[in-house]
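Contents: one structure, followed by commentary.
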Amino acid sequence: MLEKTAIQIKESDHVATATVELLPAETVIVSGIGNGRPMKVEERIPRGHKIALRDIAAQEEILKYGEIIGVATQPISAGHWVHVHNCRGAKGRRFDATPAQQQGE
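Per UniProt numbering, residue 1 is the first one in the sequence shown, and the count goes up by one each step.
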């Protein structure tokens, strides 16, 4: 059987990207900077989606590529899927602007 992998890019990353669909109770090998570390999958994660490498607190910034990609909207446990149901994206958004400033007023 082939090993299932997820790729971690930077040591500071909180998530890795699944290279294939991951299923609950499987072991995924975190490659890249993860150096082949095994990790238990806690729920189905589609190919190309993110798996939490560690517990992430609600309102904590989430790092991928060493950069903030979003903020957890609820606690996310290691091994769980990180997606729009538990994360608000940060790319292309200005958190420091008021709604009127964001609309160009």
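Just so you know, even glycine gets a beta-carbon here, dropped at the ideal spot from N, CA and C.
Shown here for residue 5: same chain residues with a beta carbon closer than 7 Å to its own, the five before and five after excluded, namely 19, 28, 29 and 31 in chain order. Within the same chain, 24, 77, 78, 79 and 80 come within 8 Å of residue 42 by CB-CB distance, once the 5 residues on both sides are set aside.
Pairing residue 61 with residue 87, the inter-Cα distance amounts to about 9 Å. Distance from the Cα of residue 59 is smallest, within the candidate group 51, 71 and 49, for 71.
Judged by beta-carbon spacing, residue 45 lies beyond the 8 Å limit of residue 15, meaning their Cβ atoms are not closer than that value.
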